[in-house]
Amino acid sequence: MTFYIDGSSLNGKTYEKFMEFLFSKSDTFTYMKIETQNPVDDNDKKYASKIKQFESLTNFLLKGKFNSNCYGCSMGTEKQIFALKLNNEFLKSYIKNKKDISKWNYPDCVEDICFFNSNECIFESSSHEEIYAYYADNEKDEEELTKIGVKFI
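Under this note's numbering, the first residue of the sequence shown is numbered 2, with each subsequent residue one higher.
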């Protein structure tokens, strides 16, 4: 079952509880990074700095990376997907401290975050498009998410 989530409901305490819910059901966290050949403006420079900081904090958790042929790639950019082991309290704390799903977006941070359990995607996001989907294997998940304040589209 696929549940599309209203991203505006994923902030504050609801965001934190939703992340805790995802942590309990997943073992891998992925994100997308844009590689800009030549940062040309302040946003590119800010993004490069934020990414460097994020990766210096999480590099030891790297599980793998691969290039992506995702739609939306503009000339001079390449998208890469990074997978991190979700077995570290530091990473979980970092994720929860964003406080808002919309903070996972250029130029403030990496984007298109996803959560996986045993290589099966349970949550995916498309940051710029503000699309968020949770893939449930039972109807109880919908009840539990509603109780913590998640709204569905």
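Don't be surprised by glycine CBs; every beta carbon is placed ideally from N, CA and C.
This structure is a prediction, so every number in the text was calculated from the model and none was measured.
Sub-7 Å separation of residue i and residue j beta-carbons
i	j	result
residue 29	residue 84	yes
residue 33	residue 113	yes
residue 135	residue 4	yes
residue 24	residue 93	yes
residue 101	residue 16	yes
residue 35	residue 133	no
Cutoff 6 Å; reference residue i; Cβ partners in own chain excluding five residues on either side
i	result
residue 103	none
residue 8	102, 131 and 133
residue 18	149
Extent of the continuous beta strand (DSSP E) run through residue i
i	result
residue 125	121 to 127
residue 113	112 to 118
residue 5	3 to 5
Backbone CA spacing between residue i and residue j [nearest angstrom]
i	j	result
residue 11	residue 53	26 Å
residue 88	residue 61	11 Å
residue 26	residue 128	22 Å
residue 141	residue 46	44 Å
residue 131	residue 106	10 Å
residue 91	residue 120	22 Å
residue 42	residue 139	46 Å
residue 86	residue 63	7 Å
residue 81	residue 151	29 Å
residue 97	residue 50	21 Å
residue 126	residue 13	18 Å
residue 40	residue 59	23 Å
residue 117	residue 48	25 Å
Residues of its chain near residue i, where Cβ-Cβ distance is below 8 Å and the 5 sequence neighbours each way are ignored
i	result
residue 145	22
residue 143	2, 4, 137 and 153
Residues near residue i in its chain [Cβ-Cβ closer than 7 Å; skip 5 each side]
i	result
residue 122	115 and 136
residue 111	32, 33, 34, 52, 55 and 105
Ranges of the alpha helix (DSSP H) found wholly within the region 18 to 67, counting only runs of at least 4:
43 to 59
Report the start-end ranges of each beta strand (DSSP E) in the region 76 to 105 that is 3 residues or longer and not cut off at the edges.
78 to 86
Of all the beta strand (DSSP E) runs that stay within the bounds of the region 126 to 154, which reach a length of 3 or more residues?
132 to 136
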